[in-house]
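K.L.:
This is the structure I have questions about; it appears just below.
In my numbering, the protein residues as written are 1 to 256.
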């Protein structure tokens with residue numbers, strides 16, 4: 001009972017009901033096969049959830065996955081422009097929040113002393129204040145939510161609490177989305193590896209038949225051809241198969 005009362009109090013203080021937000025997040029996980037699509041929808045949902053009359057919030061989301069390109073999504077052109085400006089400088093509230101795992105709050109971009117170059121560029125846009133919140137994903141990925149308000153002092157303490165709740169809720173869904181993406185990547189890599197193996201094995205068999213040699217010798221011939229031509233082994237193997245299949249445009253000339 002005490003835990004329930006605590007949860008209700010937190011909800012009242014934050015002033016945001018996340019019931020519909022949670023339902024929509026579940027739908028996003030089912031509907032979006034690509035993590036970028038998920039992030040785009042999530043950015044739009046977050047901006048809409050935190051927008052109030054007279055204070056339209058723009059949202060950008062940045063995700064860094066191990067050995068993968070940075071995934072970025074924005075709710076509108078303002079968020080996209082500000083994210084691009086920040087990335088061009090290599091520093092700012094978003095990148096600081098991502099690096100330090102703490103919230104970065106800029107009440108007024110025109111009086112902010114930190115990140116002077118970025119703030120000067122940001123002040124030339126329609127943004128008045130910025131709030132960057134790191135997302136706890138408990139995985140090999142890192143993420144941060146960037147919120148932009150057209151108003152100076154556009155994020156009150158209650159707004160910050162609401163943003164923290166929305167971000168924490170979204171982080172759980174994003175964690176699942178990242179895990180799902182990792183599983184898809186692993187599946188695709190395995191499929192590609194099996195296809196590559198089958199192609200190479202077939203080419204080795206062709207070389208064995210053409211040169212009347214053993215498997216090891218045939219594989220060495222294929223490997224040397226790949227090295228001499230500076231072409232991937234699978235590509236050379238595919239060329240051999242295509243030659244046998246009647247594609248005369250691909251030269252082979254493999255001799256032991």
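Just so you know, even glycine gets a beta-carbon here, dropped at the ideal spot from N, CA and C.
State the DSSP-derived secondary structure class of residue 5, mapped to helix, strand or coil.
P.N.:
Numbered from its first residue, the chain shown carries residue 5 at position 5. Because residue 5 carries a pLDDT of 43, less than 50, the predicted location of this residue cannot be relied on, and no value is offered for it.
K.L.:
Would a C-beta distance cut-off of 8 Å place residue 134 and residue 102 closer than the cut-off?
P.N.:
Residue 134 sits at position 134 when you count from the first residue of the chain shown. Residue 102 sits at position 102 when you count from the first residue of the chain shown. Yes, the pair counts as a contact, with Cβ atoms nearer than the cut-off.
K.L.:
Per DSSP, which one or two residues make a beta bridge with residue 135?
P.N.:
Reading the chain shown from its first residue, position 135 is the one you call residue 135. The partner list for residue 135 (beta bridge, DSSP) reads 143.
K.L.:
For residue 74, which beta-bridge partners are listed by DSSP?
P.N.:
If you number the chain shown from 1, residue 74 lands on position 74. Bridge partners of residue 74: 60.
K.L.:
Kindly list the residues whose CB is nearer than 8 Å to the CB of residue 238, restricted to its own chain and excluding five residues on each side of it in sequence; keep chain order.
P.N.:
The residue labelled residue 238 in the question sits at position 238 within the chain shown. 199 and 203, listed in sequence order.
K.L.:
Any idea what DSSP makes of residue 65, helix, strand or coil?
P.N.:
For the purposes of this step, residue 65 is identified with residue 65 of the chain shown, where counting begins at 1. Residue 65: strand per DSSP, three-state reduction.
K.L.:
In the DSSP assignment, the beta strand (DSSP E) including residue 104 goes from what residue to what residue?
P.N.:
For the purposes of this step, residue 104 is taken as the residue at position 104 of the chain shown. Unbroken beta strand (DSSP E) run through residue 104: 104-106.
K.L.:
State yes or no: is the C-beta of residue 241 within less than 8 Å of the C-beta of residue 207?
P.N.:
The count along the chain shown starts at 1 and reaches residue 241 at position 241. The count along the chain shown starts at 1 and reaches residue 207 at position 207. Not closer than 8 Å, so no.
K.L.:
Rank 197, 137, 155 and 52 by C-alpha distance to the C-alpha of residue 62 and give the top, closest one.
P.N.:
Here residue 62 corresponds to residue number 62 of the chain shown, with the count starting at 1. Closest option to residue 62, Cα to Cα, is 137.
K.L.:
Among 43, 35, 78 and 38, which has the Cα closest to the Cα of residue 167?
P.N.:
In the chain shown, residue 167 corresponds to position 167, counting from 1. Comparing Cα-Cα distances from residue 167 to each of 43, 35, 78 and 38, the minimum goes to 43.
K.L.:
Could you tell me the boundaries of the alpha helix (DSSP H) in which residue 216 lies?
P.N.:
As a first step, residue 216 is located in the chain shown; it is residue number 216 there, counting from the start. 215-229 is the span of the alpha helix (DSSP H), which, as asked, contains residue 216.
K.L.:
Identify the continuous alpha helix (DSSP H) that holds residue 238 and give its terminal residues.
P.N.:
As a first step, residue 238 must be located in the chain shown, where it is residue number 238. That run of the alpha helix (DSSP H) goes 233-244.
K.L.:
For residue 156, which of helix, strand or coil comes out of DSSP?
P.N.:
Reading the chain shown from its first residue, position 156 is the one you call residue 156. The answer is coil: DSSP assigns residue 156 none of H, G, I, E or B.
K.L.:
Going by DSSP, what residue range makes up the alpha helix (DSSP H) through residue 124?
P.N.:
As a position in the chain shown, residue 124 is number 124, starting the count at 1. First-last for residue 124: undefined, no H or E at that position.
K.L.:
Counting Cβ pairs closer than 8 Å, one from the stretch 171-179 and one from the stretch 146-157, do we hit at least three?
P.N.:
Output reads no: the stretch 146-157 does not touch the stretch 171-179.
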